[in-house]
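Undergrad: Here it is: the structure, laid out below.
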Amino acid sequence: MKKIALFILFTHLLNTGIAQQQDSIQNKLNEIIISANKFEEKLKDIPRQVDIITAKKIAQLNKQTTADLLQETGNIYIQKSQQGGGSLLMRGFESNRVLLVVDGVRLNNAIYRGGHLQNVLRIDQQMLDRIEIIYGPGSLMYGSDALGGVVHLITKKPKLNQSVNGTFNSRFGTVNNEFTNSISLGSGFRKWAWLAHITSSTFGDLHQGKNRDRAIGALGERKIYQGRVGDTDRILNNENPSLQIGSAYKQVDGLIKLFIQTQPYQTHQINLQFSTTNNVPRYDRLSELTNDTPTFAQWYYGPELRTLASYQFEDSKARKWHDRLRITAAFQYIEESRNTRIFNKNNSNNNSNYLNKRFENVYVGTLNLDVFKNTNRHEIRYGAELTYNKVNSNAYAMNILTHVNKPISTRYPDGGSHIQTLAVYLSHTKEFNSKFILSEGLRLSSISLESNFVDKTFYSFLPNQSKQRNTALCGSLGLVYLLSKDIKLYANTANAYRAPNVDDMNKLFDSKKGSTIIIPNNNLKPEQSWTSEIGTNIVFAKKLAFEANVYYTHLWNAIIVAPTQVNGQDSTLYDNVITAVSSNQNRQTAFIYGYQLNLTCSLLKYLVIQAGINYTYGRIKADSIMPLDHIPPAFGRISLSYTKERWQTSIYSLWSAGKMLKDYYLNGEDNQQYATANGMPGWYIINLQGSYVIDKKSNLILQTGIENILDTNYRTFASGISAAGRNIWLSLRMKF
């Protein structure tokens, strides 16, 4: 009966007529892309797959977080370990193998790990002007980490010659009592302009879906949770097992930009950004049980702080060596911490009174030079990049009863670490005629890393210093054939690399007392991949747009944890226990292949249907073929939209196939412990959203929607928290 009522509600809203507005199908191939080659060019000239999420789409989708927004492309899979998480999976790569860029500045730093990351959430979607997503190798233009792709987040820009103006958005969601408020203000004069933006978000504990099928069983039910009564840890009963207690968090984001035009062809831009949170609970760890008892009493990321200050100079006057020149200098400061305390069931373990606190402070400086020159039918792009990362790591254990501290081991070398990179690149594009476009390029990078170990109380076998120097050469070759103005065929082959960072080389980690410890290894080499792909973009009769591509990736020198030796022994004395020794090593060779299909079709004047599917297959090449981790099951999106005058509505479905346990990379980052005994079941959800323009003059818009209409219980692959149940949300948006 409930499903029938929801169907009637959808039919009523659809007949009232509101839907997601679509970019013009006719102009699909003429969309302007910035990120693929650093300067503007048309999609039809680029020999690879690129997605654009425009400001209009961002406003229409109006998601809770940037990770949720990226999932809406239907081409990026999202893994979550906690509600304040969102790790991107692109073409079988994740975390530090996918590069995040904001306003031309790389976000990946020296401690981006190979597990699951939540850093994309530190970029507020409300302050974005657009997102450009490049699939596949991106090291030619962006250097290390761009194996699976590049996600370029471009923030709003100040505009000249405008009176004081702004935007306001307020949003509420029922599934986690979300409250989000954001405001932007700006104005522009003849030669300069400014913009300021701030967003505040509060997310309560997340409700998972209540409708479970047989395959999901009781996975994710939160029947008990940990609490503190007086000075004692207690197991508390959860009256609503669908409520994921211990998942709430808060976040504040800000942006200030100043734009100055000193000449008609010269501009300067100052860009200041910050993002901070309260304590973000690590829900997957809080839900772990040992003998029916919570393993941890506390596990949270301390307030995460991201700050960025950048200056960008651009000269667009044609000169001998360039038509356009851009210099970007940036500084970032990042704070992270991990805070853990084991659960003490009967007050029998004194260690449970100690909250282990490990802090990381990361300082990042970058300097980029990008140059564009057009001569006849030749386009030349060249430039250089200099980066510097410094990591300070400290730790202590605090007795929560006496507030007395004692030393513990740091996550990274306590004497500090730093990474320096220097790279140069050259790219050339030749337009032979109106049909053939050839692109090729090379990049050479030098990477040096140094770490210092001072206190060896916990690891007496460590050296005083660890040093490493690597070089990486990568290239790309692409061909575009324009069969007509509406049909593009392309082929591309390119390699990419990921240089070992501090997390790879010098992380100190004991996985379990008496089991194994992971020690530094300064012999690591860059991970390498080579990808070849072919694809097409077709626009038919101004009513249908079709995209398809097939790719194959060979991965070698992949870094995995493997046994090693210390002083000729495979074990050592650690914490008074003989413990096996492991380290990160270049031991893995693998292959990945897959395809992506996307279709947009204008059925009637106001009706548009969109559909997409992604398939990825990956295996490790060893003595026997083994599953590669980070490979999501097939997934996609389908939507039906209707737009007319002030009304807009859309019904759409996100879906994922299941993944059997035999296809998991066991004991890796696929997290089989958070799946069912058979793996992760497939799922689909149905969402409905719409908007109405109340006042065209002020662009006052009321938006509302129902996500996961059927209240389906599901969990995305490799996730440690169940996805949101039914969510009814309401938003008021205006410009002034």
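What the sequence shown shows, in the working numbering, is residues 599 to 1334, in sequence order.
Ideal Cβ positions, reconstructed from N, Cα and C, are used throughout, including at glycine.
(1) Are there 16 or more other CB atoms within 10 angstroms of the CB of residue 1228, so buried, or fewer, so exposed?
(2) For a test of the three-state rule: what should DSSP assign to residue 914, helix, strand or coil?
(3) Note down the Cα distance separating residue 917 from residue 863, rounded to an integer number of angstroms.
(4) Considering Cα atoms alone, identify which of 991, 1005, 1234 is closest to residue 997.
(5) From what residue to what residue does the beta strand (DSSP E) around residue 850 run?
(6) Among 696, 740, 718, which one has its Cα closest to the Cα of residue 967?
(7) Please classify residue 1223 as buried or exposed, where buried requires at least 16 other C-beta atoms within 10 Å of its C-beta.
(8) Mind checking who residue 1161 pairs with in its DSSP beta bridge?
(9) Tell me whether residue 608 sits in a helix, a strand or coil according to DSSP, three-state version.
(10) For the beta strand (DSSP E) holding residue 991, just list the boundary residues, first then last.
(11) So within the stretch 613-669, which uninterrupted beta strand (DSSP E) runs reach at least 3 residues, ignoring any that extend past its ends?
(12) Beta-carbon separation of residue 1190 and residue 788 under 9 Å?
(13) Could you check how far apart the C-beta atoms of residue 778 and residue 753 are, in whole angstroms? I think they sit under 8 Å.
(14) Write down the C-beta distance between residue 1125 and residue 1148 rounded to the nearest angstrom, noting that I regard them as a contact closer than 8 Å.
(15) Can you give me the C-alpha to C-alpha distance between residue 866 and residue 1024, rounded to a whole angstrom?
(16) Report yes or no: do the stretch 1063-1074 and the stretch 1091-1108 share at least 3 C-beta pairs separated by less than 8 Å?
(17) Return the bridge partner residues of residue 871 from the DSSP annotation.
(18) Are the CB atoms of residue 1183 and residue 1119 within a distance shorter than 9 Å?
(19) Could you tell me which residues DSSP puts in a beta bridge with residue 1196?
(20) Using C-beta distances below 7 Å, list every residue in its chain close to residue 649, excluding the 5 sequence neighbours before and after it, in chain order.
(21) Can you find at least 3 beta carbon pairs, one from the stretch 972-983 and one from the stretch 1005-1021, that sit closer than 8 Å?
(22) Determine the direct distance from the alpha carbon of residue 664 to that of residue 858, and round the result to whole angstroms.
(23) Three-state secondary structure (DSSP) at residue 1333?
(24) DSSP three-state label for residue 749, please.
(25) Should residue 892 go down as buried or exposed, given a rule of 16 or more other Cβ atoms within 10 Å for buried?
(26) Go ahead and label residue 1260 buried or exposed: buried means 16 or more other beta carbons lie within 10 angstroms of its beta carbon, across all protein chains shown.
(27) What are the residues that DSSP puts in a beta bridge with residue 929?
(28) Go ahead and label residue 1333 buried or exposed: buried means 16 or more other beta carbons lie within 10 angstroms of its beta carbon, across all protein chains shown.
(29) Restricting to Cα atoms, I'd like to know which of 1031, 1061, 1179, 1039 is closest to residue 1090.
(30) Please list, in chain order, all residues of the same chain as residue 1269 whose beta carbon is under 7 Å from its beta carbon, the five residues on each side excluded.
(31) Rounded to whole angstroms, what is the Cα-Cα separation between residue 992 and residue 902?
(32) Could you give the C-beta distance for residue 1172 and residue 1192, rounded to a whole number, given that I count them as a contact under 8 Å?
(33) Return helix, strand or coil for residue 1296, following the three-state DSSP convention.
(34) Taking three-plus beta-carbon pairs below 8 Å as touching, is the stretch 693-702 in contact with the stretch 843-853?
(35) Which residue or residues does DSSP assign as beta-bridge partners of residue 754?
(36) Are there 16 or more other CB atoms within 10 angstroms of the CB of residue 826, so buried, or fewer, so exposed?
TA: If we stick to the structure as given:
(1) Residue numbering aside, residue 1228 sits at position 630 when the sequence shown is read from its first letter. It is buried - the Cβ of residue 1228 has at least 16 other Cβ atoms within 10 Å.
(2) Locating residue 914 in the sequence shown gives position 316, counting from the first residue. In the structure shown, residue 914 sits in coil (DSSP, three-state: anything other than H, G, I, E or B).
(3) For the purposes of this step, residue 917 is taken as the residue at position 319 of the sequence shown. For the purposes of this step, residue 863 is taken as the residue at position 265 of the sequence shown. Within the model, the alpha-carbon separation for residue 917 versus residue 863 is close to 12 Å.
(4) Walking along the sequence shown from the start, residue 997 turns up at place 399. When C-alpha distances from residue 997 are compared across 991, 1005, 1234, the shortest belongs to 1005.
(5) One-based indexing of the sequence shown puts residue 850 at position 252. Segment 847-861, the beta strand (DSSP E) holding residue 850.
(6) Along the sequence shown, read from residue 1 onward, the residue named residue 967 stands at position 369. That would be 740, whose Cα lies nearest to the Cα of residue 967.
(7) In the sequence shown, residue 1223 corresponds to position 625, counting from 1. Exposed, since its Cβ has fewer than 16 Cβ neighbours within 10 Å.
(8) Numbered from its first residue, the sequence shown carries residue 1161 at position 563. DSSP, once it has assigned bridges, lists 1180 as partnering residue 1161.
(9) Residue mapping note: residue 608 aligns to position 10 of the sequence shown, counting from 1. Note that residue 608 has pLDDT 41, beneath the 50 cutoff, so the model's placement of it is unreliable and the number below is only indicative. DSSP places residue 608 in helix when its eight states are reduced to three.
(10) Sequence index remark: in the sequence shown, residue 991 carries index 393 (1-based). Following the DSSP letters along the chain, one finds residue 991 inside the beta strand (DSSP E) bounded by residues 976-997.
(11) Taking 3 residues as the shortest admissible run, the stretch 613-669 contains the following complete beta strand (DSSP E) segments, listed from N- to C-terminal end: 648-652.
(12) Position 592 of the sequence shown, counted from the first residue, corresponds to residue 1190. Position 190 of the sequence shown, counted from the first residue, corresponds to residue 788. Cβ distance not < 9 Å, so residue 1190 and residue 788 don't count as in contact.
(13) Within the sequence shown, residue 778 is the residue found at index 180, counting from 1. Within the sequence shown, residue 753 is the residue found at index 155, counting from 1. Going by Cβ atoms, the distance from residue 778 to residue 753 rounds to 17 Å, so no, they are not a contact pair.
(14) For the purposes of this step, residue 1125 is taken as the residue at position 527 of the sequence shown. For the purposes of this step, residue 1148 is taken as the residue at position 550 of the sequence shown. Contact doesn't hold; Cβ gap of about 23 Å is too wide.
(15) Indexing the sequence shown from 1 puts residue 866 at position 268. Indexing the sequence shown from 1 puts residue 1024 at position 426. Cα to Cα, residue 866 sits roughly 25 Å from residue 1024.
(16) yes
(17) As a first step, residue 871 must be located in the sequence shown, where it is residue number 273. DSSP, once it has assigned bridges, lists 853, 906 as partnering residue 871.
(18) Mapped onto the sequence shown, residue 1119 falls at position 521. Mapped onto the sequence shown, residue 1183 falls at position 585. Contact flag set, yes.
(19) The residue given as residue 1196 occupies position 598 in the sequence shown. In DSSP, residue 1196 forms a bridge with 1145, 1210.
(20) Taking the first residue of the sequence shown as position 1, residue 649 is located at position 51. Within the same chain, 671, 673, 731 come within 7 Å of residue 649 by CB-CB distance, once the 5 residues on both sides are set aside.
(21) yes
(22) Mapped onto the sequence shown, residue 858 falls at position 260. Mapped onto the sequence shown, residue 664 falls at position 66. Rounded to the nearest angstrom, the two C-alpha atoms are 29 Å apart.
(23) Taking the sequence shown and counting its residues from 1, one reaches residue 1333 at position 735. Three-state DSSP puts residue 1333 in a strand.
(24) Here residue 749 corresponds to residue number 151 of the sequence shown, with the count starting at 1. Three-state DSSP puts residue 749 in a strand.
(25) To locate residue 892, count along the sequence shown from 1; it is residue 294. So residue 892 ends up on the buried side.
(26) For the purposes of this step, residue 1260 is taken as the residue at position 662 of the sequence shown. Classification of residue 1260: exposed, given that the 10 Å Cβ count is below 16.
(27) Reading the sequence shown from its first residue, position 331 is the one you call residue 929. Note: residue 929 sits in a beta bridge opposite 907, 963.
(28) Residue 1333 sits at position 735 when you count from the first residue of the sequence shown. Exposed, because fewer than 16 other Cβ atoms sit within 10 Å of the Cβ of residue 1333.
(29) The sequence position of residue 1090 within the sequence shown is 492, counting from 1. Among 1031, 1061, 1179, 1039, the Cα nearest to that of residue 1090 belongs to 1039.
(30) Sequence index remark: in the sequence shown, residue 1269 carries index 671 (1-based). Around residue 1269: 1316, 1318.
(31) Counting from one through the sequence shown, the residue named residue 992 turns up at place 394. Counting from one through the sequence shown, the residue named residue 902 turns up at place 304. Going by the C-alpha atoms only, they are around 16 Å apart.
(32) Position 574 of the sequence shown, counted from the first residue, corresponds to residue 1172. Position 594 of the sequence shown, counted from the first residue, corresponds to residue 1192. About 42 Å separates the two Cβ atoms, so there is no contact after all.
(33) As a position in the sequence shown, residue 1296 is number 698, starting the count at 1. Of the three classes helix, strand and coil, the one that applies to residue 1296 here is coil, per DSSP.
(34) no
(35) Residue numbering aside, residue 754 sits at position 156 when the sequence shown is read from its first letter. DSSP, once it has assigned bridges, lists no residue as partnering residue 754.
(36) Counting from one through the sequence shown, the residue named residue 826 turns up at place 228. Exposed is the call here.
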